[in-house]
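Plus 1114 on top of the position in the sequence shown (first one is 1) and you've got our numbering.
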Amino acid sequence: MCGIVGYIGDEEATPVLINALKKLEYRGYDSAGIAVLGDEGLVVRKAKGALKFLEQKIAAEIIRGTMGIGHTRWATHGEPSDQNSHPHTNVSGQIAVVHNGIIENHAKLKAWLTERGVAFRSETDTEVIAHLIDFYYSGNLLDAVREALTRLEGSYALGVICQTNTDEIIAVRKDSPLVIGAGEGENIIASDVPALLEYTRNVYYLDDREIAVLKRGSVEFYDEEGRPVQKELCRVEWDVAAAEKGGYEHFMLKEIHEQPTALTDTLRARIKTYATKSINLEEIGFNESWAKADRVIITACGTAWHAGIVGKYAFEHFARIPVDVDIASEFRYRDPIFNPGDIFIIISQSGETADTLAAMRMAKKSGARIIAITNVVGSTLAREADLVMYTWAGPEIAVASTKAFTTQLMCVYLIALKFGALRGCISETELAYYIDALEELPAQAERILSHKEDIQRFAAGNFNKTKAFFMGRLFDYAISLESALKLKEISYTHSEAFAAGELKHGPIALVDESTLVVAICTQRALFEKMESNIKEVKARGASIIVITYDDEHFFDAVADEVFRIPCTPDPLTPILSVIPCQLYAYYCAVQRGNDPDKPRNLAKSVTVE
Ligand code: M6R
């Protein structure tokens, strides 16, 4: 996720900006840049890669000035490069902007600005902001920023400076974090508290659509209409290590909590809401010919493979198209049959998993067309695929994948529904119904997270169980697989997943009093079947947790504990039902004294076989 900093005071700005950017490195980034305003005007330096490359550029040509803005970029629009790094400037180079978030209507704004003679220099969504502010600027930077904001759709935290406003940084946020540090004769902005702590512990937390005007000796706040707002000054008591994790004990817990935002970011730009709601994948190059495929093959590893299994059920349900799902390491070594008209969906958080890339290259060689779902712009997978759909989850630092998974599911649903609509398998009304339901998921995820203490309490009583089995049917089976993987990789508990109907074909022999069974029960047509399966394992002494809907009491009599999730159409429940399981795995790992962020024997990205 991008990191923003800004400084205005009496010190040289460059070292402060670089130092503050270093404190945001934990967020992940692929390039960095600063803009400093001094006697030589507004000077910008940017460099792809680690901050040290930016430092080398600055060391070669020192920039002086006591105010400036800086940025570490996690690419979303346009691959990592010097050109795409922030800050971005207007044509004359007098206004500089750093941005965290996604401008959803950037293509439309770019076309509008291009018609007015603006020549763009980057592929980013951010550059439109600099040109828009320029368009509205006539001496008052605050007013120009306010005007520009009325044109922006999406999420943003912004830092803006202008060569002719030598005592002013404008900062604003909507759906992206931004904090203002209030110092003595100096003020500073940052995406996150760790960047401020060396300078001040007195902070203002900006709320959505609030604008801050930082001068050397003051900070003032305004609403979007330009009316003054009074803000409370808060004192930060965290240490730096805790601050990096946003106050959470581990990155994994932070990332679990980032899911509502990540889901919103991944969904919002892809929904068109003109007369009726529809899914917009045209911007990634999708056209009707893709939906005419005879077969879809989904290939991935680990958690991403589980997203693929949900994808199979979703494609078959919404688009009536046959789907094969393959583990990439198996696919690449067997003798798969390719048919003309096959399309491949390759899913990978990192976009660098060796087996997944090998499977993708085999498919490509066969002449198949490839859609990549990945979280990393400019990754090998993104570069080599025909179409790329990004999960806008931001960098995932914990080894156990959480927000990448749920955003992969969001992408899979969008593509499956789009196929379904184009193939005439779902009507406009049904499509609008499912889009509404997808739009509710982020808030529903938030509601689950607000009850995390229930799961923490349950984990405290069960973390030392030696066996945990997850079972479900259809979409719930896919989430059972993902939940079992999560629990085993960070808590080291022996956990397995079963399609509930398979129990009697063997696995039930393992069940005894020491077994915890998590039954995921969200497929309404199969409740009776699940009830029978639960009774079978209960009769053998297992403890039972049921995950089901808020308003559902079908399983109350057979479960020892029920975790409830908000109601959504059955095919969409995986995005919600996995969250209690992620939390359960996390709390079990912590109870066992494990570091959930760095589980033993595992690497975040498996770039070798
Ligand atoms: O980067 P990828 O999505 O291709 O990674 C695939 C798997 O290695 C990954 O999902 C792994 O299973 C995670 N540790 C699961 O939490």
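We put the beta carbon where it would ideally sit given N, CA and C, even for glycine. Since the structure is predicted, the reported quantities are computational estimates derived from the model, not experimental observations.
Alpha carbon of residue 1425 to alpha carbon of residue 1461, nearest angstrom: Taking the sequence shown and counting its residues from 1, the one referred to as residue 1425 is at position 311. Taking the sequence shown and counting its residues from 1, the one referred to as residue 1461 is at position 347. Residue 1425 and residue 1461: Cα-Cα distance of roughly 10 Å.
Spatial neighbours of residue 1376 in its chain, beta-carbon cut-off 6 Å, leaving aside the 5 residues before and after: The count along the sequence shown starts at 1 and reaches residue 1376 at position 262. 1507, 1517 and 1521, listed in sequence order.
Which of helix, strand or coil DSSP assigns to residue 1609: Locating residue 1609 in the sequence shown gives position 495, counting from the first residue. Under the three-state reduction of DSSP, residue 1609 is assigned to strand.
The stretch 1289–1300 in contact with the stretch 1120–1138 per 3-pair CB rule at 8 Å: Three or more beta-carbon pairs separated by less than 8 Å link the stretch 1289–1300 to the stretch 1120–1138, which places the two stretches in contact.
Extent of the continuous alpha helix (DSSP H) to which residue 1638 belongs: By one-based count along the sequence shown, residue 1638 stands at place 524. Bounds of any alpha helix (DSSP H) do not take in residue 1638, whose DSSP letter is neither H nor E.
Beta-carbon separation (whole angstroms), residue 1582 vs residue 1630, contact threshold 8 Å: Taking the first residue of the sequence shown as 1, we reach residue 1582 at position 468. Taking the first residue of the sequence shown as 1, we reach residue 1630 at position 516. 5 Å between Cβ atoms; contact.
Residue 1335 - partner residues in DSSP beta bridges: Here residue 1335 is taken as the residue at index 221 of the sequence shown, counted from 1. DSSP lists 1326 and 1343 as the beta-bridge partner residues of residue 1335.
From 1150, 1311, 1262 and 1473, residue whose alpha carbon lies closest to that of residue 1120: For this step, residue 1120 is matched to residue 6 along the sequence shown. Nearest C-alpha to residue 1120: 1150.
Closer than 7 Å: residue 1380 CB and nearest the ligand M6R heavy atom: Sequence index remark: in the sequence shown, residue 1380 carries index 266 (1-based). Not so, every heavy atom of the ligand M6R lies at least 7 Å from the Cβ.
Cβ-based burial, residue 1257 [other Cβ within 10 Å; buried from 16]: Sequence index remark: in the sequence shown, residue 1257 carries index 143 (1-based). With fewer than 16 Cβ atoms within 10 Å of its Cβ, residue 1257 is classed as exposed.
Through-space distance from residue 1238 to residue 1568, alpha-carbon basis: In the sequence shown, counting from the first residue as 1, residue 1568 sits at position 454. In the sequence shown, counting from the first residue as 1, residue 1238 sits at position 124. For residue 1568 and residue 1238, the distance between alpha carbons rounds to 42 Å.
Uninterrupted beta strand (DSSP E) stretches inside the stretch 1653–1697 (no shorter than 3 residues): Listed in chain order, they are 1657–1663 and 1675–1679.
Length of the line joining the Cα atoms of residue 1330 and residue 1368: Locating residue 1330 in the sequence shown gives position 216, counting from the first residue. Locating residue 1368 in the sequence shown gives position 254, counting from the first residue. Here the C-alpha atom of residue 1330 lies approximately 34 Å from the C-alpha atom of residue 1368.
Three CB pairs or more closer than 8 Å across the stretch 1648–1665 and the stretch 1677–1691: Contact holds: three or more Cβ-Cβ distances are below 8 Å.
Contacts around residue 1593, its chain only, beta-carbon distance under 6 Å, and the 5 residues preceding and following it disregarded: Counted from its first residue, the sequence shown places residue 1593 at position 479. If we look at residue 1593 and ignore the five residues flanking it on each side, its Cβ neighbours are 1634, 1688, 1691 and 1692.
Residue 1243, enclosing alpha helix (DSSP H) - first and last residue: Residue mapping note: residue 1243 aligns to position 129 of the sequence shown, counting from 1. Where residue 1243 is concerned, the enclosing alpha helix (DSSP H) stretches over 1241–1250.
Which of helix, strand or coil DSSP assigns to residue 1482: For the purposes of this step, residue 1482 is taken as residue 368 along the sequence shown, with counting starting at 1. Coil.
Check: residue 1603 C-beta below 7 Å from any heavy atom of the ligand M6R: Here residue 1603 is taken as the residue at index 489 of the sequence shown, counted from 1. Yes, the beta carbon of residue 1603 sits closer than 7 Å to at least one heavy atom of the ligand M6R.
Where the alpha helix (DSSP H) containing residue 1581 begins and where it ends: For the purposes of this step, residue 1581 is taken as residue 467 along the sequence shown, with counting starting at 1. Boundaries around residue 1581 are those of the beta strand (DSSP E), 1581–1586, since no alpha helix (DSSP H) includes it.
Backbone secondary structure at residue 1461 - three-state DSSP: Numbered from its first residue, the sequence shown carries residue 1461 at position 347. Secondary structure at residue 1461: strand, using DSSP grouped into helix, strand and coil.
Cut-off 6 Å between Cβ atoms - residues of its own chain near residue 1467, not counting five sequence neighbours on either side: Reading the sequence shown from its first residue, position 353 is the one you call residue 1467. Answer for residue 1467: 1415 and 1720, listed in chain order.
Closest by C-alpha distance to residue 1627, when choosing among 1652, 1604, 1607 and 1641: As a first step, residue 1627 must be located in the sequence shown, where it is residue number 513. The residue with the shortest Cα to Cα distance from residue 1627 is 1652.
Burial state of residue 1530, where buried means 16 or more other Cβ atoms lie within 10 Å: As a first step, residue 1530 must be located in the sequence shown, where it is residue number 416. Around the beta carbon of residue 1530, 16 or more other beta carbons lie within 10 angstroms, which makes this residue buried.
N- and C-terminal bounds of the alpha helix (DSSP H) containing residue 1405: Within the sequence shown, the letter at position 291 stands for residue 1405. Judged by DSSP secondary structure, residue 1405 falls within the alpha helix (DSSP H) whose first and last residues are 1402–1405.
Beta-carbon gap between residue 1159 and residue 1509 smaller than 8 Å: In the sequence shown, counting from the first residue as 1, residue 1159 sits at position 45. In the sequence shown, counting from the first residue as 1, residue 1509 sits at position 395. Contact: no.
Residue 1608 versus 1402, 1699, 1389 and 1552, residue with shortest Cα-Cα distance: The residue you call residue 1608 lines up with position 494 of the sequence shown. Among 1402, 1699, 1389 and 1552, the Cα nearest to that of residue 1608 is on 1699.
Whole runs of the alpha helix (DSSP H) within the stretch 1248–1299, excluding any shorter than 4 residues: Counting only runs of 4 or more, we get 1255–1263.
Closest residue to residue 1243 among 1254, 1221 and 1253 (Cα-Cα distance): Translated into positions along the sequence shown, residue 1243 becomes position 129. If we check each option's Cα against that of residue 1243, 1221 comes out closest.
Neighbour-count burial assignment, residue 1173, 16 or more Cβ in a 10 Å radius: Numbered from its first residue, the sequence shown carries residue 1173 at position 59. The residue in question, residue 1173, is exposed, as its Cβ has fewer than 16 Cβ neighbours within 10 Å.
Three-state class that DSSP yields for residue 1149 in the structure shown: Residue numbering aside, residue 1149 sits at position 35 when the sequence shown is read from its first letter. Three-state DSSP puts residue 1149 in a strand.
Between the CA atoms of residue 1266 and residue 1327 - distance to the nearest angstrom: In the sequence shown, the residue the question calls residue 1327 occupies position 213. In the sequence shown, the residue the question calls residue 1266 occupies position 152. Cα to Cα, residue 1327 sits roughly 19 Å from residue 1266.
Range of the contiguous alpha helix (DSSP H) that encloses residue 1317: Taking the sequence shown and counting its residues from 1, the one referred to as residue 1317 is at position 203. In the DSSP annotation of this structure, residue 1317 is not part of any alpha helix (DSSP H); the continuous beta strand (DSSP E) holding it starts and ends at 1316–1319.
Span separating the alpha-carbon of residue 1488 from that of residue 1519: Here residue 1488 is taken as the residue at index 374 of the sequence shown, counted from 1. Here residue 1519 is taken as the residue at index 405 of the sequence shown, counted from 1. If I take the Cα positions, the gap works out to 10 Å.
The stretch 1377–1397 / the stretch 1545–1554 touching (three or more Cβ pairs under 8 Å): By the Cβ criterion, the stretch 1377–1397 is in contact with the stretch 1545–1554, since at least three pairs of Cβ atoms, one from each stretch, lie closer than 8 Å.
Distance cut-off 7 Å: residue 1236 Cβ against heavy atoms of the ligand M6R: On the sequence shown, position 122 is the one that residue 1236 refers to. At a threshold of 7 Å, residue 1236 does not count as near the ligand M6R, since its beta carbon sits no closer than that to any of the ligand's heavy atoms.
Straight-line Cα distance separating residue 1408 from residue 1724: Outside the shown range of the chain (1115 to 1723) lies residue 1724, about which nothing can therefore be said.
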